[in-house]
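In what follows, a single structure is set out as structure tokens and then discussed.
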Ligand SMILES: [Zn+2]
């Protein structure tokens, strides 16, 4: 068994990864909030997580991969205020929240497919797990971690030792700085909503009294009144439900390090009195014109917009792989074009390759070492090119490339050998050349070789006889 090293955000160190249960890995990846298309910056995170899963599988581990779909509770502000993102879009597009959630879930799954990202084994929707989330909140209530305000049930972060450890949060400093700005009823600036009331104090709907134009489409009864779960509680509840606690690896984008993930840890560990997860991995941002890509900013690019420009989505995947997941990646159309021509060149070469036979163990070992070193995909891509440029027979190249592609996922297995249509003139020249060679008339053979090359072909003299290929 080869050693796998992963950078753990919890310890800020590269550590050897050892699964809790031998040969098995529980992996939870924070999923999308389905109120809009994912942008290519979001998708970079899912590619990184896909490479992580494929690397674990390449090492012979059996991965159980769980991803949530946030269809309720994600508010437009991290400070537990603002509108529910899905409700807001539904209002704007004059559709039901369920239509919105379904539409954008489908779009997201199409993005995954286009990028050759393996789907999780378990998809879990927040709205399918309301009872479970209520049960987790009740557990936290029993243990004294909650309090009630006018607009909901909150988690008291001052009761949880080590709150914000993942983010290295300066909780005391935050407290001092934010004392005056605290939202009504919140005890500490880092406290967050577990359950939000649809109406103040969970009363029933009264449009006149509550001064609201319409009621929410998504709301449920709870021991505290009509309302809906906060965003963070779904991940705590569903990860524990499907993977137990502790589980092996939890991932997400770096934007989750400061709020969402510390909150998940606080909830899960306070409720169950056990460590939530052993490894936390985070993918860096995609940068465009010196800014991170964001739905709110003007630099919002979807995968569809790449496809509409005729770009193969896998060219974007290739571009992602050329940079390490913990480094910011600068996106430009120029770099995407370069990635696309690199990928096309790989495809073109693979088209000429013979059926896979015995691979090159030394390069496969080198590749394994690279990806097991905290998913060093830039190094892995360099090794791929080393292989392509080598003098190994094409059947060996193909075998090893297909091994690499189990991790890289560039769709190389689908590339079929191109049947070469060789013009009659070339065939005739090759035949004359073979005759000359047999007569040991090498000067004629050489002249004929040059003629063949001028027509864009090349003759390889193999044990089985001359083999005509396209000139590289
Ligand atoms: Zn999450």
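Residue numbers (the UniProt record's numbering): 1 to 472.
Just so it is clear, CB atoms sit at the ideal spot from N, CA and C, and this is done for glycine as well.
Keep in mind the model is a prediction, meaning the values are calculated, not measured.
Close beta carbons around residue i, own chain, < 6 Å, minus the five adjacent residues each side
{"i": "residue 283", "result": "45, 48, 253, 325"}
{"i": "residue 379", "result": "370"}
{"i": "residue 242", "result": "66, 122"}
{"i": "residue 367", "result": "380, 383, 404"}
{"i": "residue 244", "result": "none"}
{"i": "residue 64", "result": "26, 121"}
{"i": "residue 275", "result": "246"}
Selected residue, minimal CA-CA separation from residue i, among the options
{"i": "residue 248", "options": "61, 196, 337, 107", "result": "61"}
{"i": "residue 139", "options": "460, 404, 290, 273", "result": "273"}
{"i": "residue 259", "options": "100, 121, 164", "result": "164"}
{"i": "residue 417", "options": "353, 130, 81, 2", "result": "353"}
{"i": "residue 332", "options": "145, 299, 127", "result": "299"}
{"i": "residue 233", "options": "389, 395, 127", "result": "127"}
{"i": "residue 483", "options": "3, 440, 311", "result": "Because the chain here runs from 1 to 472, residue 483 falls outside it and cannot be looked at."}
{"i": "residue 375", "options": "50, 351, 35, 229", "result": "50"}
{"i": "residue 268", "options": "291, 280, 238", "result": "238"}
{"i": "residue 388", "options": "407, 368, 364, 373", "result": "364"}
{"i": "residue 69", "options": "31, 77, 63, 394", "result": "31"}
{"i": "residue 280", "options": "264, 132, 451", "result": "264"}
{"i": "residue 467", "options": "147, 116, 427", "result": "427"}
{"i": "residue 185", "options": "458, 342, 80", "result": "80"}
{"i": "residue 255", "options": "42, 392, 334", "result": "42"}
{"i": "residue 133", "options": "116, 440, 231, 148", "result": "231"}
{"i": "residue 146", "options": "419, 320, 187", "result": "187"}
{"i": "residue 37", "options": "295, 429, 319", "result": "295"}
{"i": "residue 322", "options": "361, 291, 308, 385", "result": "385"}
{"i": "residue 235", "options": "459, 327, 429, 130", "result": "130"}
{"i": "residue 327", "options": "377, 74, 339, 342", "result": "377"}
Residue span of the alpha helix (DSSP H) that contains residue i, given as start and end
{"i": "residue 99", "result": "97–114"}
{"i": "residue 139", "result": "130–142"}
{"i": "residue 40", "result": "40–58"}
{"i": "residue 30", "result": "Here residue 30 belongs to no alpha helix (DSSP H), and DSSP marks it neither H nor E."}
{"i": "residue 261", "result": "260–272"}
{"i": "residue 407", "result": "394–408"}
{"i": "residue 452", "result": "442–454"}
{"i": "residue 154", "result": "Taken as a continuous stretch (DSSP letters only), residue 154 belongs to no alpha helix (DSSP H), being part of the beta strand (DSSP E) at 152–155."}
{"i": "residue 232", "result": "231–243"}
{"i": "residue 316", "result": "313–321"}
{"i": "residue 251", "result": "Note, residue 251: premise wrong, no alpha helix (DSSP H); beta strand (DSSP E) at 247–253."}
{"i": "residue 86", "result": "85–93"}
Beta strand (DSSP E) segment containing residue i, residue limits
{"i": "residue 349", "result": "Unbroken run through residue 349 is the alpha helix (DSSP H), 333–352; no beta strand (DSSP E)."}
{"i": "residue 374", "result": "Unbroken run through residue 374: none, as it is neither H nor E."}
{"i": "residue 461", "result": "457–462"}
{"i": "residue 469", "result": "465–470"}
{"i": "residue 148", "result": "146–148"}
{"i": "residue 16", "result": "13–16"}
{"i": "residue 281", "result": "277–283"}
{"i": "residue 123", "result": "122–125"}
{"i": "residue 193", "result": "192–197"}
{"i": "residue 438", "result": "Run containing residue 438: none in the beta strand (DSSP E); it sits in the alpha helix (DSSP H), 424–438."}
{"i": "residue 63", "result": "62–69"}
{"i": "residue 308", "result": "No beta strand (DSSP E) contains residue 308, which is instead part of the alpha helix (DSSP H) from 303–308."}
{"i": "residue 8", "result": "5–8"}
{"i": "residue 288", "result": "286–288"}
Own chain, CB closer than 8 Å to residue i, minus 5 neighbours either side, in chain order
{"i": "residue 20", "result": "26, 246, 247, 248, 278"}
{"i": "residue 40", "result": "286, 293, 301, 302, 303, 306, 316, 331"}
{"i": "residue 406", "result": "54, 57, 58"}
{"i": "residue 470", "result": "352, 420, 456, 457, 458"}
Anticipated Cβ contact below 8 Å, residue i with residue j, distance rounded
{"i": "residue 410", "j": "residue 314", "result": "6 Å"}
{"i": "residue 195", "j": "residue 288", "result": "About 37 Å; that fails the 8 Å criterion."}
{"i": "residue 227", "j": "residue 152", "result": "7 Å"}
{"i": "residue 250", "j": "residue 28", "result": "5 Å"}
{"i": "residue 33", "j": "residue 85", "result": "6 Å"}
{"i": "residue 160", "j": "residue 192", "result": "Wrong, their Cβ atoms sit about 11 Å apart, outside the cutoff."}
{"i": "residue 100", "j": "residue 107", "result": "In fact, because the Cβ distance is near 11 Å, the residues do not count as touching under 8 Å."}
{"i": "residue 88", "j": "residue 105", "result": "Between residue 105 and residue 88 the Cβ distance is about 17 Å, and since that is not below 8 Å, they are no contact."}
{"i": "residue 5", "j": "residue 373", "result": "6 Å"}
{"i": "residue 148", "j": "residue 98", "result": "Not quite, the Cβ-Cβ distance comes to about 29 Å (not below 8 Å), so this is no contact."}
Residues near residue i in its chain [Cβ-Cβ closer than 7 Å; skip 5 each side]
{"i": "residue 257", "result": "9, 166, 167, 282"}
{"i": "residue 358", "result": "396, 399"}
{"i": "residue 402", "result": "356, 412, 413"}
{"i": "residue 351", "result": "415, 417, 418"}
{"i": "residue 116", "result": "314, 317, 409, 411"}
{"i": "residue 125", "result": "69, 71"}
Chain C contact for residue i (CB, 8 Å cutoff)
{"i": "residue 333", "result": "Absent here is chain C; the protein component of the structure consists of one chain."}
Any 3 or more C-beta pairs closer than 8 Å across the segment 303–315 and the segment 108–115:
Counting C-beta pairs with one atom in each stretch, the segment 303–315 and the segment 108–115 have three or more that are closer than 8 Å, which means they touch.
Is there contact between the segment 214–224 and the segment 10–18, where contact requires at least three CB pairs shorter than 8 Å?
Cβ pair count under 8 Å is below three, so no.
Spell out a yes or no on whether the segment 425–445 and the segment 335–354 are touching, meaning 3 or more CB-CB pairs, one atom from each, closer than 8 Å.
Flag = no, the segment 425–445 and the segment 335–354 do not touch.
Give a yes or no on contact between the segment 93–107 and the segment 441–456, applying the rule of three or more CB pairs nearer than 8 Å.
Between the segment 93–107 and the segment 441–456, the count of Cβ pairs shorter than 8 Å is below three; the stretches do not touch.
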